[in-house]
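In structure tokens:
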């Protein structure tokens, strides 16, 4: 539930939201997403968190990052770390959980409602801490994928769970094939 006079902030875990939308078969239209939440309350900030491959000549996520940066999103990025796993496969790791949590706690005194776009169970203590400060917390992810993309304890802790699939008609566009975005390569170490 949202109230029109609430001060609102969005915290988007880019790789997690990308994976959840992909599992449901659609892409996020970030212009529509921003408009939808501006309609729901007084949006103070919309943060987007992602790790970037800095050593590549071209990063497939760079155009999205640049577009978001020029269109009302506060971008929080850091270099992704590259490594080779035990099977000899190239892997990329970029965890932005701490940056998101710190920003949410710093903004807590200035907002009434925080919306976290992630199903990562590591955010449950953050949700609980925000609630202790009097901030209502909604979490956007999906239980309709196989397996579900949201941790059960995160969903239970949140004041409100928003099923991403129910936002499809409001913030989605059909997935383009083939898809070669970097976020699916970036994994988080837990």
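In the working numbering, the protein residues as written are 39 to 228. Positions of the beta carbon are idealized from the N, C-alpha and C atoms, including for glycine.
Buried versus exposed, by CB contacts within 10 Å (16 or more), residue i
i: residue 107; result: exposed
i: residue 172; result: exposed
i: residue 174; result: buried
i: residue 190; result: exposed
i: residue 132; result: buried
i: residue 188; result: buried
i: residue 68; result: buried
i: residue 57; result: buried
i: residue 184; result: exposed
i: residue 66; result: buried
i: residue 39; result: exposed
i: residue 228; result: Only weak support is given to the placement of residue 228: the predicted model assigns it a pLDDT of 43, under 50, and the question is left unresolved by the model.
i: residue 99; result: buried
i: residue 54; result: buried
i: residue 41; result: exposed
i: residue 211; result: exposed
Beta-carbon proximity check, residue i vs residue j, cutoff 8 Å
i: residue 87; j: residue 114; result: yes
i: residue 82; j: residue 47; result: yes
i: residue 51; j: residue 138; result: yes
i: residue 92; j: residue 209; result: no
i: residue 64; j: residue 153; result: no
i: residue 85; j: residue 141; result: yes
i: residue 102; j: residue 203; result: no
i: residue 199; j: residue 193; result: yes
i: residue 162; j: residue 195; result: yes
i: residue 167; j: residue 143; result: yes
Member of the options whose CA lies at the smallest distance from the CA of residue i
i: residue 90; options: 130, 112, 76, 77; result: 130
i: residue 235; options: 45, 40, 39, 41; result: There is simply no residue 235 to check, as the chain begins at 39 and stops at 228 in what is shown.
i: residue 136; options: 122, 116, 120; result: 116
* Per the contact definition of three or more C-beta pairs closer than 8 Å, is the stretch 155-163 in contact with the stretch 122-129? -> no
* Evaluate the contact criterion for the stretch 178-196 versus the stretch 75-85: three or more CB pairs, one atom per stretch, below 8 Å. => Output reads no: the stretch 75-85 does not touch the stretch 178-196.
* Runs of beta strand (DSSP E) lying entirely within the stretch 175-203, each at least 3 residues, in chain order -> 198-201
* Asked: Can you list the beta strand (DSSP E) stretches of 3 or more residues lying completely in the stretch 101-184, in chain order?
  -> Within the stretch 101-184, the complete beta strand (DSSP E) runs of at least 3 residues fall at 112-117, 119-122, 128-131, 151-155, 174-179.
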